[in-house]
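Have a look at the structure below before the remarks.
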Amino acid sequence: MRSVPLFVLVAACVEPSSGTGSASAESSSSATSQGADEAGSSGASSGGSTAGTDTGGADTSSASSGSSSGDCEVDTDRGSICTSQQMWTDGDQASTLMRPGAPCIDCHADAGGAPLFAVAGTVYPTLHEPTDCYGAAGDVVVRITGSDGATIDLPVGSSGNFFASTSAGIVFPIRADVLFEDRVRAMCGWQSNGDCNLCHTEEGANGAPGRIRLP
Ligand code: HEC
Ligand code: HEC
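Residue numbering for the sequence shown follows my numbering, beginning at 41 and increasing consecutively.
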């Protein structure tokens, strides 16, 4: 756990560099001066019940393709638990709480009628938690910074999920901060994919250390 003041973390993260996009490096550091103000968050209410037809398995492709990440430290501890001790058991039933930890956008792209998200994912209390385990609840906010410098704060629902519509105007590549209480955990790398759980799997894929977790 890091408890470095916000401005230090942000200062390490101003340069769009990570190799994924053909992104312009135009993002100005003025976009990074915001404080860790608490935006509101809300528990989303679930609908539905039944249907234990969960077929989507956890992404087991763990990889650590040494991505250079500047000043970001990567935690390598292992040992997976479902901290909340609560599992999503309603399969692919439509809900804001659905399939915590699974790659939302990847599935929604193929699922007729599912909302189209620019950014979506799940925040967890710890680094290694299984798919469909409920994540972190409480006043958690995921702040997305677009390469145009604009930020958008996404509330985290009661299963840990957060999401933003494709109509939210987010300009890729993006970087992200998780805000909780007065702490922040930053992703320094600029990503051109908003499907956070594709990389932030139980074990971590594409260089990510594991789940998106609370600061
Ligand atoms: C394996 C497929 C799959 C995954 C993974 C998945 N979804 Fe869905 N999602 C669906 C389908 C199918 C629908 C409903 C489409 C419909 O209503 O016809 C849906 C609908 C939704 C809705 C609309 C809810 C409503 O009340 O209409 C939200 C919000 C949503 N998903 C969020 C998420 C989030 C956030 C994630 C990732 C944490 C996620 N989904 C992961 C398949 C998936
Ligand atoms: C293409 C893969 C990929 C995607 C997609 C991705 N990340 Fe990351 N993430 C990484 C990598 C690699 C790191 C470690 C290096 C760094 O911090 O940039 C990381 C680190 C992080 C960290 C810090 C991890 C820690 O334990 O300190 C947070 C927080 C984070 N990401 C949030 C997000 C959010 C939110 C999204 C979705 C908007 C997202 N990530 C999408 C690859 C990805």
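Just so you know, even glycine gets a beta-carbon here, dropped at the ideal spot from N, CA and C.
Just so you know, these numbers come straight off a predicted model, no measurement behind them.
Does the Cβ of residue i have 16 or more other Cβ atoms within 10 Å, making it buried, or fewer, making it exposed?
i      : result
Glu221 : exposed
Gln125 : exposed
Ala149 : exposed
Ser62  : Summary for Ser62: the model assigns pLDDT 36, below 50, so the residue's position carries little reliability, and this model does not support an answer.
Gly3   : Residue 3 is absent from the model: the chain starts at 41 and stops at 255.
Ala142 : buried
Ile262 : As displayed, the chain neither begins before 41 nor continues past 255, which places residue 262 out of reach and without an answer.
From residue i to residue j, what does the alpha carbon distance come to, in whole angstroms?
i      : j      : result
Thr191 : Ala216 : 9 Å
Ile184 : Gly250 : 19 Å
Val181 : Asp193 : 6 Å
Ser73  : Pro195 : Residue placement at Ser73 is poorly supported in this model, since its pLDDT is 34, which falls under 50; the coordinates still yield a value, given next. About 20 Å.
Met127 : Cys147 : 19 Å
Cys236 : Gly161 : 5 Å
Pro255 : Val224 : 5 Å
Thr123 : Ala177 : 11 Å
Val211 : Gly119 : 36 Å
Asp172 : Gly244 : 15 Å
Ser205 : Gly186 : 14 Å
Phe202 : Val163 : 8 Å
Leu167 : Tyr174 : 13 Å
Val218 : Gly234 : 15 Å
Thr290 : Gly200 : Lying outside 41 to 255, the shown extent of the chain, residue 290 is not represented and no answer is given.
Gly131 : Pro213 : 31 Å
Ala151 : Val159 : 16 Å
Gln133 : Pro165 : 24 Å
With DSSP as the reference, label residue i as helix, strand or coil.
i      : result
Asp146 : helix
Asn233 : coil
Ala160 : strand
Thr171 : coil
Thr256 : Residue coverage of the chain in this structure runs from 41 to 255, which leaves residue 256 outside it and unanswerable.
Ser254 : One point to set straight first is that residue 254 is Leu, not Ser, in the sequence displayed. Leu254: coil per DSSP, three-state reduction.
Ala248 : coil
Leu238 : helix
Ser135 : coil
Thr129 : coil
Thr206 : helix
Asp179 : coil
Thr185 : strand
Taking 8 Å as the cut-off, does the stretch 221–234 touch the stretch 132–141 (at least 3 CB pairs, one atom from each stretch)?
No contact exists between the stretch 132–141 and the stretch 221–234.
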